[in-house]
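The sequence shown lines up with residues -20 to -1, 1 to 581 when you count with mature numbering (1 follows the signal peptide of the UniProt record, and there is no 0).
Below is one structure, written out as structure tokens; the observations come after it.
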Amino acid sequence: MLRRYCVLLVVLLQICLSYSACVKTKRVCVIGAGIAGLASARYLKDKGINFTVLEATQYVGGTWRYDPRTGTDENGQPLHTSMYKNLRTNLPKPTMELKDFRLPDHLPSFPSWRDYYRYLQAYAKHFDILKYIKFLHNVVHVRRVGDVWKVKHEHVLTKETFEEEYDYVIVGNGHFSKPNMPNIPGEELFKGKIIHSHDYREPEPYRNRRVLVVGAGPSGMDIGLDVADVASHLFHSHHSRINFTTPFPPQYHKKPDIQELNETGVIFKDGSYEEVDDVIYCTGFHYYCPFLDESSGLTVHPKSVVPLYRYMVNINQPSMIMMGLVVRACLVVALDAQLKSVVPLYRYMVNINQPSMIMMGLVVRACLVVALDAQLKSVVPLYRYMVNINQPSMIMMGLVVRACLVVALDAQLKSVVPLYRYMVNINQPSMIMMGLVVRACLVVALDAQLKSVVPLYRYMVNINQPSMIMMGLVVRACLVVALDAQARYATALIAGNFTLPPRDEMMQEWQKRMDTIRSKGQPESFIHILAEKEDQYYAEISEESGTERVPPVMFKIRALDTEAKLENLYTYRNYEYTVIDDHTFTRKVEDPAIRSRGLNP
């Protein structure tokens, strides 16, 4: 009997050692040493997983490191930070803390950027993460080759390049560094200074000036009030439907959207005109992952990363570039820019990187019918004007010329291509045929299609390449808490603690979310929003991954804090929030002496 138990013990020990060895052989690349990268590194280290963090700067903390400069740093790298001198967090301390590491008690409820940056530095030291970070290593290329990710990175100073293989990639490069600059008519005529909030640092340069702030997101409201303290007039242009009850100062003037700018001022859509000296665009940021190769299965749109299942998992393989799908824009100019910047084409149609792909009809500023006719005759052998004879699995739709295109497309669709929702090739689901709807409003249909190919599993996992995790894409949530929860989920996935559902199930889950958004009449860009679903999201990813659940009290604190913002943007930071247990908290007016400690010097 004893011998049998000894044998069983040996077998169990071997299994454990085998599992441990398996985990340790997995190689993980973490891109970025901001909040997402630091949290991921902490949990990967705890699991004994082999990982490396690549950070382009010589600091941790990402955007939270304030720098008075704008543009580029001393190494010629774009400055990542969007911090400004008077910034304080817009969420209270409990929702800004990473797990098992408290913000100091002596800090006010809404810490300054300086205190929060020090907190992130202390976090990295406390969990002994710094030795895993390769500083000044800029990621230039990530591509999928066989069963591995090949990550190419460059040392910022020496320009030496490296290429390494990894089993998993966690993208945590942040999404608050690539400004979304609106294209307002007449801005090239404006003689004053125009900046984006990314380059805003302090209010003093705007003292006694007439300033236009555009946008009413968190930065728009915060910077608007910051500048209003010193400006002679602050004109705030936005279309937010939020009913702010804040008692704004007399120099603050709410204005509608902008019609156009001229040399000295701005015409608004209600016909009113104001002279202004400076313009600050607080219009948000683009998702920006220039290092992603098409083999990643992700397409990064300015406002979304596609396709992502559950807000994070990449569903499709966008090795096919569908040009000219921009909508509500100047299509000729957009196509011209796309052709120059994205796809290397031989004779304006043959994809040099993928010669078997012919991109028809992309010539601009030309007679399209004649050009298409010439392209068809000279290059592509098509059966029945649509089937690529050399690559029969490629159907070139709508290339007939000098014909009734709507009728022809209708016939082609009925006779050849089985499409799900008029765009997904059922036989080849990774091929999305955009804009093939007929007898419909094409601009509206294209807009819906372009935004709907965004399925991320759990808001982060790439469905077609589940070994790539996109961190921090959720919005209207406690971002720090969400990042920490996602890092735990990703680590559990890499460690093999659970397995993802089949691709079809992940796609169905995403489609259900998309259908819910449509049924409410909301724009499909809402696919990244958690809002009232935040607590449910934490429960779902915790149950699936077997990781500790974010307590419901976090969502409750954020909800009450949001109400306080709507009541008064000047005073909502005066409250102190204290967690009692996983479900309850208290709120009181903070001692002014404590609050003053959070002011930036």
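Don't be surprised by glycine CBs; every beta carbon is placed ideally from N, CA and C.
Assigned secondary structure, leucine 192 (DSSP; H/G/I helix, E/B strand, else coil)
Along the sequence shown, read from residue 1 onward, the residue named residue 192 stands at position 212. Note: leucine 192 maps to strand in three-state DSSP.
Can you have a look at isoleucine 222 and say buried or exposed, based on whether 16 or more other CB atoms are within 10 angstroms of its CB?
One-based indexing of the sequence shown puts residue 222 at position 242. By the neighbour-count rule (16 or more Cβ atoms within 10 Å), isoleucine 222 is not buried but exposed.
Does the Cβ of lysine 173 have 16 or more other Cβ atoms within 10 Å, making it buried, or fewer, making it exposed?
Taking the sequence shown and counting its residues from 1, one reaches residue 173 at position 193. Exposed: under 16 other Cβ atoms inside 10 Å.
Residue burial classification, proline 435 (beta-carbon count within 10 angstroms, cutoff 16)
For the purposes of this step, residue 435 is taken as the residue at position 455 of the sequence shown. Under this definition proline 435 is a buried residue.
Is methionine 451 helix, strand or coil when you go by DSSP?
As a position in the sequence shown, residue 451 is number 471, starting the count at 1. Three-state DSSP puts methionine 451 in coil, outside helix and strand.
Euclidean distance between Cα positions of glutamate 255 and histidine 106
For the purposes of this step, residue 255 is taken as residue 275 along the sequence shown, with counting starting at 1. For the purposes of this step, residue 106 is taken as residue 126 along the sequence shown, with counting starting at 1. Distance between the alpha carbons of glutamate 255 and histidine 106: 52 Å.
Using CA atoms only, rank isn't needed, just tell me which of Asp47, Asn70, Asp237, Ser20 is closest to arginine 538.
Taking the first residue of the sequence shown as position 1, residue 538 is located at position 558. The shortest C-alpha separation from arginine 538 is found at Asn70.
What does a CB cutoff of less than 7 Å around glycine 152 pick up in its chain, not counting 5 residues either side in sequence?
As a first step, residue 152 is located in the sequence shown; it is residue number 172 there, counting from the start. Closer than 7 Å at the Cβ level, and outside the excluded window around glycine 152, lie Val10, Ile11, Gly12, Gly14, Ala16, Gly17, Ser20, Met451, Gly452.
Counterpart residues of arginine 7 in DSSP-defined beta bridges
For this step, residue 7 is matched to residue 27 along the sequence shown. Answer is Asn30.
Can the beta-carbon of tyrosine 469 be found less than 8 Å from the beta-carbon of threonine 527?
The residue labelled residue 469 in the question sits at position 489 within the sequence shown. The residue labelled residue 527 in the question sits at position 547 within the sequence shown. It is a contact, given that the beta carbons lie within the stated cut-off.
Residue-chain proximity (tyrosine 103, chain B), Cβ-Cβ < 8 Å
Absence of chain B from the displayed structure is noted, only one protein chain being present.
Touching by the beta-carbon criterion (3+ pairs, under 8 Å), the stretch 57 to 76 and the stretch 196 to 210
yes
Check whether the Cβ atoms of tyrosine 439 and valine 454 lie closer than 8 Å to each other.
As a first step, residue 439 is located in the sequence shown; it is residue number 459 there, counting from the start. As a first step, residue 454 is located in the sequence shown; it is residue number 474 there, counting from the start. Yes; because the gap between Cβ atoms is below 8 Å, this pair is in contact.
Just the Cα atoms here: how many angstroms apart are glutamate 504 and lysine 234?
The count along the sequence shown starts at 1 and reaches residue 504 at position 524. The count along the sequence shown starts at 1 and reaches residue 234 at position 254. Rounded to the nearest angstrom, the two C-alpha atoms are 28 Å apart.
How is tyrosine 186 classed by DSSP in three states: helix, strand or coil?
Walking along the sequence shown from the start, residue 186 turns up at place 206. Residue state, collapsed to three classes: helix.
Hey, lysine 545 and glutamate 556 are a contact pair by Cβ (cut 8 Å); roughly how many whole angstroms apart?
Taking the sequence shown and counting its residues from 1, the one referred to as residue 545 is at position 565. Taking the sequence shown and counting its residues from 1, the one referred to as residue 556 is at position 576. With 8 Å as the limit, lysine 545 and glutamate 556 do not qualify as a contact, their Cβ atoms being about 16 Å apart.
How many Å lie between glutamine 101 and tyrosine 39 at the Cα?
Position 121 of the sequence shown, counted from the first residue, corresponds to residue 101. Position 59 of the sequence shown, counted from the first residue, corresponds to residue 39. If you take the alpha carbons of glutamine 101 and tyrosine 39, they lie about 9 Å apart.
Backbone CA spacing between leucine 480 and leucine 473 [nearest angstrom]:
As a position in the sequence shown, residue 480 is number 500, starting the count at 1. As a position in the sequence shown, residue 473 is number 493, starting the count at 1. The alpha-carbon atoms of leucine 480 and leucine 473 are separated by roughly 8 Å.
For glutamate 77 and arginine 98, what's the separation of their Cα atoms in angstroms?
Counting from one through the sequence shown, the residue named residue 77 turns up at place 97. Counting from one through the sequence shown, the residue named residue 98 turns up at place 118. Their backbone Cα atoms lie some 13 Å apart in a straight line.
Between the stretch 103 to 122 and the stretch 36 to 51, do three or more beta carbon pairs fall short of 8 Å?
yes
Using the rule of at least 16 other Cβ atoms within 10 Å of the residue's Cβ for burial, across every protein chain shown, is asparagine 188 buried or exposed?
Taking the sequence shown and counting its residues from 1, the one referred to as residue 188 is at position 208. By the 10 Å Cβ count, asparagine 188 comes out exposed.
Starting from glutamine 258 and walking both ways along the alpha helix (DSSP H), at which residues does that stretch end?
On the sequence shown, position 278 is the one that residue 258 refers to. It should be pointed out that residue 258 corresponds to aspartate in this sequence rather than to glutamine. Aspartate 258 -> not in any alpha helix (DSSP H); beta strand (DSSP E) instead, spanning 258 to 261.
In chain order, what are the residue ranges of uninterrupted beta strand (DSSP E) at least 3 long that sit wholly in the stretch 47 to 84?
none
Whole angstroms is fine: what's the gap from glycine 501's alpha carbon to glutamine 491's?
Within the sequence shown, residue 501 is the residue found at index 521, counting from 1. Within the sequence shown, residue 491 is the residue found at index 511, counting from 1. Each residue's Cα considered, the two are about 15 Å apart.
Residues that DSSP places opposite arginine 123 in a beta bridge:
Walking along the sequence shown from the start, residue 123 turns up at place 143. Arginine 123 pairs with Lys130.
For the stretch 250 to 264 against the stretch 161 to 181, are there 3 or more C-beta pairs whose distance is under 8 Å?
yes
Taking the straight line between their C-alpha atoms, what separation do you get for lysine 536 and valine 530?
Mapped onto the sequence shown, residue 536 falls at position 556. Mapped onto the sequence shown, residue 530 falls at position 550. Approximately 12 Å between the Cα atoms of the pair.
Apart from the five residues on each side of it in sequence, which residues of its chain come closer than 7 Å, Cβ to Cβ, to arginine 49?
Counting from one through the sequence shown, the residue named residue 49 turns up at place 69. Taken in chain order, the residues that qualify are Leu59.
Contact set for alanine 511: own chain, Cβ-Cβ below 7 Å, skip 5 residues either direction:
The sequence position of residue 511 within the sequence shown is 531, counting from 1. Here the set comprises Arg456.
Note down, in chain order, each residue of its chain lying with its Cβ closer than 6 Å to the Cβ of isoleucine 113, except the 5 sequence neighbours on either side.
On the sequence shown, residue 113 is found 133 positions in, with the first residue counted as 1. Around isoleucine 113: Ala13, Val33, Glu35.
For glutamate 145, which of Val8, Cys269, Glu547 has the nearest alpha-carbon?
For the purposes of this step, residue 145 is taken as the residue at position 165 of the sequence shown. Comparing Cα-Cα distances from glutamate 145 to each of Val8, Cys269, Glu547, the minimum goes to Val8.
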